[in-house]
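Visitor: I'd like to ask you about the structure that follows.
2 protein chains.
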Amino acid sequence: MSSASGARRADAVRNRDLALAAAKSLLADPGAPLTVEAIAKRAGLGVGTVARAFGSKDALLDAAIAELLEPLVRRARAVAAAPAATDALRTLLVEVIDFEQRHSAISEQTAGLSLPQTTARERELRDALRQVVETGREAGDIRSDIPAETTAALLTEAVHAVTQARTAPPGLADAMVAVVLDGLRP
Amino acid sequence: MSSASGARRADAVRNRDLALAAAKSLLADPGAPLTVEAIAKRAGLGVGTVARAFGSKDALLDAAIAELLEPLVRRARAVAAAPAATDALRTLLVEVIDFEQRHSAISEQTAGLSLPQTTARERELRDALRQVVETGREAGDIRSDIPAETTAALLTEAVHAVTQARTAPPGLADAMVAVVLDGLRP
Numbered sequence: 001m002s003s004a005s006g007a008r009r010a011d012a013v014r015n016r017d018l019a020l021a022a023a024k025s026l027l028a029d030p031g032a033p034l035t036v037e038a039i040a041k042r043a044g045l046g047v048g049t050v051a052r053a054f055g056s057k058d059a060l061l062d063a064a065i066a067e068l069l070e071p072l073v074r075r076a077r078a079v080a081a082a083p084a085a086t087d088a089l090r091t092l093l094v095e096v097i098d099f100e101q102r103h104s105a106i107s108e109q110t111a112g113l114s115l116p117q118t119t120a121r122e123r124e125l126r127d128a129l130r131q132v133v134e135t136g137r138e139a140g141d142i143r144s145d146i147p148a149e150t151t152a153a154l155l156t157e158a159v160h161a162v163t164q165a166r167t168a169p170p171g172l173a174d175a176m177v178a179v180v181l182d183g184l185r186p
Numbered sequence: 001m002s003s004a005s006g007a008r009r010a011d012a013v014r015n016r017d018l019a020l021a022a023a024k025s026l027l028a029d030p031g032a033p034l035t036v037e038a039i040a041k042r043a044g045l046g047v048g049t050v051a052r053a054f055g056s057k058d059a060l061l062d063a064a065i066a067e068l069l070e071p072l073v074r075r076a077r078a079v080a081a082a083p084a085a086t087d088a089l090r091t092l093l094v095e096v097i098d099f100e101q102r103h104s105a106i107s108e109q110t111a112g113l114s115l116p117q118t119t120a121r122e123r124e125l126r127d128a129l130r131q132v133v134e135t136g137r138e139a140g141d142i143r144s145d146i147p148a149e150t151t152a153a154l155l156t157e158a159v160h161a162v163t164q165a166r167t168a169p170p171g172l173a174d175a176m177v178a179v180v181l182d183g184l185r186p
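Spelled out as structure tokens, the structure:
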């Protein structure tokens, strides 16, 4: 590899990282338009550079959302691996609610898009949550009269409901987490 | 009133009822288009007749959805008036889920519309549910460490979450109702 092509490669990596960081920042900004132009402007790059780095806006959003989800997946896996998981599960659910509330643009602006990396990360998160449920059942912390898959979906949807709530009185998120976890006791 | 105008009045009432019944039936049909044309066709009326009966499509949908919600409001008020309400609350929540699942077209097709009668009925339903919660708290059946308003919103959103669930494993609705009600015990 010549040093010229090495420099071009390093530039491409840097531009990709800048565009990703800009997209992630826009995804956390409810009012921001999620256009290639807005991403390029926030990244301090040209529109053409951003377009070249990812091929399409969908691919760029997909990579950005997948990166945003990664820490949640890691946390969920850590909780699943812990022996006494109920308190850790409570913390995890609060974190997921907090993430969804800070990134409401994700579900609003990506409906109908094909985002394979994001879908894969969401599946990992679901699988980890299901593993948390199975660990909790084995430890006798979570009721076993409801199938683990149903319990995991119930947790996901209860958490999601808080973010989507049409009326949100004070303390709804904490109340939902408390009630659902209490209701899941054996 | 002359008998001619009386007949016209009776015709107007009949046409209004036919259009309402057709709109209600279309609202329970997930794939059906909610256009004035479709409503007129199902009612066996002309498009102009339907338009004249309600003034606007929104007014027609508003009246139809408000009518659909009325039995739920009545049921919720009956539950609120009953002394031992937990079993009745369980039945009510299952009925609300069933209603939302049979009428998914309502939230899909009416987003952003101004529907004053529907909004009033929804407020009545929320108020009745809050009254159920307060009755349950007084009877010692529902925990009182969460404000009644938050508890009522939690019930509404947990129930709504089941209908909106992106993944719906078998038994999700029953599991959600069971877990939330168990978690709401004092």
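So the protein sequences, as listed, match chains R and A. Under the UniProt record's numbering, the first residue of the first sequence carries the number 1, and numbering increases by one thereafter. Under the UniProt record's numbering, the first residue of the second sequence carries the number 1, and numbering increases by one thereafter. Where a beta carbon is used, it is the ideal one built from N, C-alpha and C, also for glycine.
Taking C-beta pairs closer than 9 Å, name the residues in chain A that residue 157 (chain R) reaches, listed in chain order.
Guide: Contact of residue 157 (chain R) with chain A by beta-carbon distance below 9 Å involves 158, 161, 162, 164, 165, 166, 167, 168, 172, 176.
Visitor: Note down, in chain order, each residue of its chain lying with its Cβ closer than 8 Å to the Cβ of residue 133 (chain A), except the 5 sequence neighbours on either side.
Guide: 142, 148, 151, 152, 155
Visitor: My assumption, with CB atoms under 8 Å, is that residue 161 (chain A) sits in contact with residue 160 (chain R). Please give the rounded CB distance.
Guide: 6 Å
Visitor: Can you give me the C-alpha to C-alpha distance between residue 20 (chain A) and residue 169 (chain R), rounded to a whole angstrom?
Guide: 34 Å
Visitor: Look at the Cβ atom of residue 139 (chain R), then the Cβ atom of residue 85 (chain R), and state whether they are nearer than 9 Å.
Guide: yes
Visitor: Use the C-beta contact count for residue 136 (chain A): other C-beta atoms within 10 angstroms, 16 or more gives buried, fewer gives exposed.
Guide: Label assigned to residue 136 (chain A): buried.
Visitor: Which runs of the alpha helix (DSSP H), 4 residues or longer, sit entirely within the region 84 to 124 of chain R?
Guide: 86 to 102, 104 to 110
Visitor: Determine the burial state of residue 88 (chain A): buried for a count of at least 16 other Cβ atoms within 10 Å of its Cβ, exposed for fewer.
Guide: buried
Visitor: Given that residue 149 (chain A) touches chain R, what residues does it touch there, using C-beta distances under 7 Å?
Guide: 169
Visitor: Which chain R residues are close to residue 140 (chain A), counting only those with a beta carbon under 9 Å from its beta carbon?
Guide: Those do not exist, as residue 140 (chain A) stays about 16 Å from chain R at its closest Cβ, beyond 9 Å.
Visitor: Could you tell me whether the Cβ of residue 154 (chain R) comes closer than 9 Å to any Cβ of chain A?
Guide: yes
Visitor: Please name the residue in A:108, A:146, A:51 whose C-alpha comes closest to that of residue 175 (chain R).
Guide: The option with the nearest alpha carbon to residue 175 (chain R) is A:146.
Visitor: Residue range of the alpha helix (DSSP H) that residue 17 (chain R) falls in?
Guide: 3 to 27
Visitor: In the structure shown, what three-state DSSP assignment does residue 61 (chain A) receive?
Guide: helix
Visitor: Taking Cβ positions only, does residue 182 (chain A) come closer than 9 Å to chain R?
Guide: Cβ-Cβ to chain R under 9 Å: yes for residue 182 (chain A).
Visitor: Mind reading off the beta-carbon distance from residue 125 (chain R) to residue 76 (chain R)? Whole number of angstroms is fine, and I expect it under 8 Å.
Guide: 6 Å
Visitor: With DSSP run on the structure shown, which of helix, strand or coil describes residue 182 (chain R)?
Guide: helix
Visitor: Where do the ends of the alpha helix (DSSP H) carrying residue 52 (chain R) lie?
Guide: Looking at the DSSP string, the run of the alpha helix (DSSP H) that includes residue 52 (chain R) is 47 to 54.
Visitor: Straight-line CA distance for residue 98 (chain A) to residue 46 (chain R)?
Guide: Distance between the alpha carbons of residue 98 (chain A) and residue 46 (chain R): 52 Å.
Visitor: Just how far apart, CA to CA, sit residue 181 (chain R) and residue 128 (chain R)?
Guide: 17 Å
Visitor: Please classify residue 183 (chain A): is it buried, with 16 or more other beta-carbons within 10 angstroms of its beta-carbon, or exposed?
Guide: buried
Visitor: Flag this pair as yes or no: are the beta carbons of residue 157 (chain R) and residue 166 (chain A) separated by less than 9 Å?
Guide: In contact: residue 157 (chain R) and residue 166 (chain A) (Cβ atoms closer than 9 Å).
Visitor: Can you tell me the Cβ-Cβ gap for residue 177 (chain R) and residue 90 (chain R), rounded? I've got them flagged as a contact below 8 Å.
Guide: 6 Å
Visitor: Can you confirm whether residue 179 (chain A), when its beta carbon is compared against all beta carbons of chain R, has any partner nearer than 9 Å?
Guide: yes
Visitor: Using a C-beta cutoff of 9 Å, does residue 39 (chain R) count as contacting chain A?
Guide: Cβ-Cβ to chain A under 9 Å: no for residue 39 (chain R).
Visitor: Taking a contact to mean a Cβ-Cβ separation below 9 Å, would you say residue 96 (chain R) touches residue 115 (chain R) in this structure?
Guide: In this structure, residue 115 (chain R) does not lie closer than 9 Å to residue 96 (chain R) by Cβ.
Visitor: When DSSP labels each residue in this structure, what does residue 174 (chain R) get in the three-state scheme?
Guide: When DSSP states are grouped into helix, strand and coil, residue 174 (chain R) belongs to the helix group.
Visitor: Count the other CB atoms within 10 Å of the CB of residue 63 (chain R); is the residue buried (16 or more) or exposed (fewer)?
Guide: buried
Visitor: Taking the alpha-carbon positions, what's the residue 29 (chain R) to residue 81 (chain A) distance?
Guide: About 45 Å.
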